[in-house]
Amino acid sequence: MTQIESNVTEKKQKLIFDIPMWPQEKIERFRETLLSWYDLEKRELPWRKNNDPYRIWVSEIMLQQTRVDTVIPYYLNFMKTFPTIKGLADANEDVLLKAWEGLGYYSRVRNMQTAAQQIMENYDGKMPVDPKEIIKLKGIGPYTAGAIASMAFGLPEPAVDGNVMRVLSRLFEIDADIAKPGNRKIFEGIMRELIDPYKPGDFNQAFMDLGSSICTPKNYHPESSPIKEFNQSYLKGTWDKFPVKSKKKKAKPVYYVGAIIKNSTGAFLLEKRPMQGLLANMWTFPLIEEELVIQETGIAIGTLTQLKDEELTEKVMKNVMLELGSKYGIRPTLMEAPFEEVQHIFSHLKWFVAVYYGQIRVEEPINIPENCYWVEPSDFDQYVFPGPQTKMWQSYLSKFKK
DNA sequence: CATGCGTGGAT
DNA sequence: TATCCAAGCAT
1 MTQIESNVTE KKQKLIFDIP MWPQEKIERF RETLLSWYDL EKRELPWRKN NDPYRIWVSE
61 IMLQQTRVDT VIPYYLNFMK TFPTIKGLAD ANEDVLLKAW EGLGYYSRVR NMQTAAQQIM
121 ENYDGKMPVD PKEIIKLKGI GPYTAGAIAS MAFGLPEPAV DGNVMRVLSR LFEIDADIAK
181 PGNRKIFEGI MRELIDPYKP GDFNQAFMDL GSSICTPKNY HPESSPIKEF NQSYLKGTWD
241 KFPVKSKKKK AKPVYYVGAI IKNSTGAFLL EKRPMQGLLA NMWTFPLIEE ELVIQETGIA
301 IGTLTQLKDE ELTEKVMKNV MLELGSKYGI RPTLMEAPFE EVQHIFSHLK WFVAVYYGQI
361 RVEEPINIPE NCYWVEPSDF DQYVFPGPQT KMWQSYLSKF KK
């Protein structure tokens, strides 16, 4: 190769998945600018007190799809209750789930315990340093592995989350749909070029702080960004086009009758949900799914309960009684029909729960299933309740305890 | 790769 | 009220 050809090669712009990468000099200026801003503006957060991998790991799991303000009190309580990886590995599952109650996405904490047990068995009780090992742990994917590797161990690993994709898509005018899982590797490739090799943890966190404070999804004002001079979409006035993000599907409606049944000693019937799936292993009042009423035209007009017709309500109560008898082995007297409709929106489902109230007569034989208990309200705090259950109970209290 | 998996806050 | 989210991962 001649000297001339060599120069041509050097000047040719490097492409990362068709995205033109900056020259080295600009990359270094960018790192300096971003890290200087971070040093001044970074938030003081409980998990930023030191670089302990366990503390960082717990925070990253909690922060998945969850806001910082929501996480902080849970984090402080969790670290107090389970201060070490061994403590987490050995924890009682109900105690563990109780520490997560209200935080959502409960498989996160079960997976984290499984990972803690993996660490105890395979890694001498210490978080592995190699990102290829970290990502083998249950509940740790590409983002969390990169976050732990860079923040706890100072390795130059990208940690691409929603913030990073949003910031990068605006910086480089990337129109790849950030909702598509396959596009994450585009942003990973760019981060591998940009990341500061001396302060990779700060660099990744700077992206996230920037994304949550200035480079936000809404009310975005690029002119106030510390890195505006690097921002291609700002310089070209196209920032409102980025990021490209396809819309989520709407939550599908599901209809239930929630049966709040009290026995002669003042205890209520609770059912433990299956160990897999939605709200796994959590407790609710019995829930009986209602079918939609379909007209001959094929159009759903609602559930029987929602039609608020006396004759139909009676029909529902008969169905509920039938179900309570066959599935729960009880034959209560239903007192209210229903007294309120509770709604709860999940990511993918919208529950409509028509709440019914009933009592068991003293002399009745009781033969409830194995996953059901009679529990007094004073003991409710020992059971892990999901949102819909809390709402049903609040609905009951507001109706009968005023 | 699309879908399942929670919750509370902002607009 | 309806919609969109907020530091994703397992399957």
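Per the UniProt record's numbering, residue 1 is the first one in the first sequence, and the count goes up by one each step.
Think of the CB as a built atom: it goes at the ideal place given N, C-alpha and C, for glycine as much as any other residue.
Since the structure is predicted, the reported quantities are computational estimates derived from the model, not experimental observations.
{"Query": "Residue 37 lies in the alpha helix (DSSP H); which residues open and close that run?", "Result": "24-41"}
{"Query": "Where does residue 360 sit, in a helix, a strand or coil, going by DSSP?", "Result": "coil"}
{"Query": "Tell me residue 258's beta-bridge partners as DSSP assigns them.", "Result": "287, 355"}
{"Query": "Is there contact between the region 349-360 and the region 230-247, where contact requires at least three CB pairs shorter than 8 Å?", "Result": "no"}
{"Query": "Confirm, please, whether the CB-CB distance from residue 139 to residue 108 is below 8 Å.", "Result": "yes"}
{"Query": "Should residue 208 be labelled buried (16 or more other beta-carbon atoms within 10 Å of its own) or exposed?", "Result": "buried"}
{"Query": "Here's the rule I'm using: 16 or more other beta-carbon atoms within 10 Å means buried, otherwise exposed. How should residue 389 be labelled?", "Result": "buried"}
{"Query": "For the structure I just gave you, are there three or more beta carbon pairs, one from the region 258-277 and one from the region 362-382, closer than 8 Å?", "Result": "yes"}
{"Query": "Go to residue 268, then tell me how far its beta strand (DSSP E) extends in each direction, as first and last residue.", "Result": "268-272"}
{"Query": "Helix, strand or coil for residue 229 per DSSP?", "Result": "helix"}
{"Query": "Which whole-angstrom value is the C-beta distance of residue 328 and residue 289, which I expect to be below 8 Å?", "Result": "14 Å between Cβ atoms; not a contact."}
{"Query": "Which residue's Cα is closest to the Cα of residue 281: 100, 59, 29, 20?", "Result": "100"}
{"Query": "Could you tell me the boundaries of the alpha helix (DSSP H) in which residue 152 lies?", "Result": "142-153"}
{"Query": "Which residues in the same chain have their Cβ closer than 8 Å to the Cβ of residue 385, if we skip the five residues on either side of it in sequence?", "Result": "101, 282, 283, 284, 393"}
{"Query": "In or out: residue 93 buried (at least 16 other Cβ within 10 Å) or exposed?", "Result": "exposed"}
{"Query": "Looking at residue 376: is its Cβ nearer than 8 Å to the Cβ of residue 355?", "Result": "no"}
{"Query": "What residues in its chain sit with their C-beta under 8 Å from that of residue 171, if we drop five residues either side in the sequence?", "Result": "227, 230, 231, 232, 233"}
{"Query": "If I measure Cβ to Cβ from residue 14 and keep anything under 7 Å in the same chain, skipping five residues before and after, which residues do I get?", "Result": "21"}
{"Query": "For residue 314, does the count of other Cβ atoms within 10 angstroms reach 16, so buried, or fall short, so exposed?", "Result": "exposed"}
{"Query": "CA-CA distance, residue 75 and residue 202?", "Result": "21 Å"}
{"Query": "What does the Cβ neighbour count give for residue 55, buried or exposed, with the cut at 16 atoms within 10 Å?", "Result": "buried"}
{"Query": "Please report the straight-line C-alpha distance between residue 78 and residue 143, rounded to a whole angstrom.", "Result": "22 Å"}
{"Query": "Please check the pair residue 113 and residue 96, which I expect to be a contact at CB under 8 Å, by giving their CB distance rounded to whole angstroms.", "Result": "6 Å"}
{"Query": "Tell me which residues share the same chain as residue 133 and place their Cβ nearer than 8 Å to its Cβ, disregarding the 5 neighbours each side in the sequence.", "Result": "123"}
{"Query": "How would you call residue 50, buried or exposed, if buried means at least 16 neighbouring beta carbons within 10 angstroms?", "Result": "exposed"}
{"Query": "Spatial neighbours of residue 199 within its chain, please: C-beta separation below 7 Å, excluding the five flanking residues on both sides.", "Result": "35"}
{"Query": "Which residue marks the beginning of the beta strand (DSSP E) containing residue 335, and which one marks its end?", "Result": "333-345"}
{"Query": "In three-state terms, what does DSSP make of residue 16?", "Result": "strand"}
{"Query": "Since residue 414 is in the alpha helix (DSSP H), which residue starts that stretch and which ends it?", "Result": "Residue 414 is absent from the structure shown; the chain starts at 1 and stops at 402."}
{"Query": "Where residue 182 and residue 278 are concerned, what is the direct C-alpha to C-alpha distance, given to the nearest angstrom?", "Result": "26 Å"}
{"Query": "Quick check: the Cα distance between residue 26 and residue 190, rounded to an integer number of angstroms?", "Result": "14 Å"}
{"Query": "Which one or two residues does DSSP pair with residue 350 in a beta bridge?", "Result": "253, 345"}
{"Query": "For the alpha helix (DSSP H) that contains residue 74, what are its first and last residues?", "Result": "68-81"}
{"Query": "Out of curiosity, what's the CA-to-CA distance linking residue 372 and residue 273?", "Result": "9 Å"}
{"Query": "Does the distance from the C-beta atom of residue 155 to that of residue 128 stay below 8 Å?", "Result": "no"}
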